[in-house]
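My numbering numbers the first residue of the sequence shown as 818 and each following residue consecutively. Everything below concerns the one structure shown next.
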Amino acid sequence: MMNFEDRVGPDFGADAPAYPRAGVPEWYRDAKLGFFVHWGLYSVPAWAVQQGQRSIPTEDAYAWHQYAEWYGNTVRIAGSPTWRRHQEVFGSGTSYEDLADLWDASAFDADAFVSELVGAGARYVVPTTKHHEGFCLWDTPTTPFNAARRGPQRDLIAELHDASRRAGARFGVYFSGALDWHASDFPPIESDTDLFRYRRNDPAFSRYAAAQLEELIERFGPDILWNDIDWPDGGKGNDEYALAALLGRYFERHPHGVVNDRWGVPFHGYLTREYTDVREPQEKVWESTRGLGFSFGYNRDEDERHSLTGADLLRHLVDVVSKNGNLLINVGPTAAGEIPPLQLAAMREMGAWLAQNGEAIYGTRPWIRAEERTGAPRRYTASADAVHVLALDPAVGEIELPRELDVRGARWSDGSAPESRIGSDGGAIVDVPEGLRGAPVAVLSVTRG
């Protein structure tokens, strides 16, 4: 997946606008875990080509896109699997935008929904307010193409916002800045080059996007602005509706807010990495994001072969946190507003583990290194009074500690003191207690001297 922090332009030279000072607040660094919620018209068909072992040529990658939330694009690529399936299921006379009137969110209970996210360990919640399809999930006067007037006929973002605040979670908004297929007449995107070529940059659309984002800021006071796929170039100058002024107003109202890196300007808060394994600890704060399966939007054709188990999810979280990152894991509800059982099972397993071991995750910072490349796999995090050794495969039965860690005073997460002996390089070899060998991750906390 591409990175976005180096995508900046156009070059305004001496007329470049002044952006607010970038920064990442401590609350965000402490939070470690958030939930994305990808929900939109694409949740009605809820379909993308199954991924996995299939080898897809680069030139066909967009026609066989793994993301169900890209249905509105892939359905316009003649002959694509999505195009063929759409004719079979909905008929040739049904457009993608007609799906707005088929969307019934009747099973959605915002408090129950958010309760599952917070129960899974989330400290912040970031729903898609408007994805690339252009359908707004809040009641907005900027367009009638919204969930309050069509389909659900509910202000879904208001419901999610209120439920998140009641549950004590931070609230952010995802917004598709430069891609809006409803307000554009471009051909379908069929390459990474098209991704940035087929976007509106004119002043009228720039004002439209700015008005929508400003509205979200005023109505919901988001702690996070999570923009996607750039910002219209016509809104990157020194105008009052342009991005620099908009972000300036945002930080004036919300000095503890934070933004990501996908704006296409020389300004960002934290870096984003999508479906990417990061090998080394990062100096800059970053966020890993991915779905539990191969898609963010719900794909009804995915099963356990395509989705992370609870153990997989936990190990990914531990790996990300050890390298100075947060995890923004995605839940893709059904059109009705329910979390699919496969996703829910993994979420609940993560939540149960964090309820017992959260001190090794929340509020931690990277240690002097993130992991060892030899022996049983383990990661390290550090809090004020302890270094936490996280064994990713406790069934191995033993792990070797680096010489920097003194096993005296160490405790396993079950409260037991470790049984140890000296290894070949002078570090202690500790036995994983029998009761923790079946856990997805076992934690040994070593007191810092």
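Note that CB positions come from ideal geometry on N, CA and C, so glycine has one too. From a predicted model like this one, the values you see are computed outputs, not experimental measurements.
The Cβ atoms of E1104 and L1042 do not sit closer than 8 Å to each other. Under the DSSP assignment, P944 falls in the beta strand (DSSP E) whose first and last residues are Y941 to K947. Using a Cβ-Cβ distance cut-off of 8 Å, the region 1012-1032 and the region 973-984 are not in contact, since fewer than three pairs of beta carbons, one from each stretch, lie closer than that value. In this structure, P1250 lies away from S1262, with their beta-carbon atoms at least 8 Å apart. Around the beta-carbon of I1239, fewer than 16 other beta-carbon atoms lie within 10 Å, marking it exposed.
Under the three-state reduction of DSSP, L1060 is assigned to helix.
In the pairwise beta carbon analysis, the region 964-971 is classified as not touching the region 1022-1035: fewer than three pairs are separated by under 8 Å.
A1187 and R846 have their C-alpha atoms spaced approximately 16 Å apart. Contact check for V1082 against V825 passes: the beta carbons are separated by less than 8 Å. Runs of the beta strand (DSSP E) spanning 3 or more residues and lying entirely within the region 942-1006 occur at 987-993, in chain order. Residue nearest to F992 within the set I1006, R982, E1057 and Y1025 is Y1025 (criterion: CA-CA distance). Contact between G851 and Y941 holds: their C-beta atoms lie close to 4 Å from each other, under 8 Å. In the DSSP annotation of this structure, the continuous segment of the alpha helix (DSSP H) that includes E905 starts and ends at P898 to F907. Per DSSP, V1148 is one residue of the beta strand (DSSP E) stretching across G1142 to V1148.
K849 is classed as buried because its beta carbon has at least 16 other beta carbons within 10 Å across all chains shown. With respect to the C-alpha of L1159, the residue from L1109, A1169 and G1192 having the closest C-alpha is L1109.
According to the DSSP assignment, A1128 belongs to the alpha helix (DSSP H) that extends over G1127 to S1139. Here the alpha carbon of N1174 sits roughly 26 Å from the alpha carbon of G989.
At a Cβ-Cβ threshold of 8 Å, D921 and A1153 count as neighbours. The shortest C-alpha to C-alpha distance from P1257 to any of E1236, W1170 and E1091 is the one to W1170. Separation of K1101 and D877 (C-alpha to C-alpha, rounded to the nearest whole angstrom) is 34 Å. Of the candidates V1206, D1242 and T1264, V1206 places its Cα closest to the Cα of D1248. Remark: C-beta atoms of L1012 and I1046 approach each other more closely than 8 Å. The C-beta of D997 has 16 or more other C-beta atoms within 10 Å across all chains shown, which makes the residue buried. Counting along the chain, the unbroken alpha helix (DSSP H) around Y1025 starts and ends at P1020 to F1037. Separation of the CB atoms of P1039 and G1074 is rounded to 7 Å, and the pair is thereby assigned contact status at 8 Å.
Here L1131 is near M1167, since their CB atoms are less than 8 Å apart. When the beta-carbon positions are compared, T945 and W955 stay at least 8 Å from each other. Collapsing the DSSP output to three states places F853 in a strand.
Per the coordinates, the alpha-carbon of D1078 lies some 25 Å from the alpha-carbon of R982. For E1217, the enclosing beta strand (DSSP E) has its first and last residue at E1215 to E1217.
Under DSSP, A1199 shares a beta bridge with R1182 and V1204.
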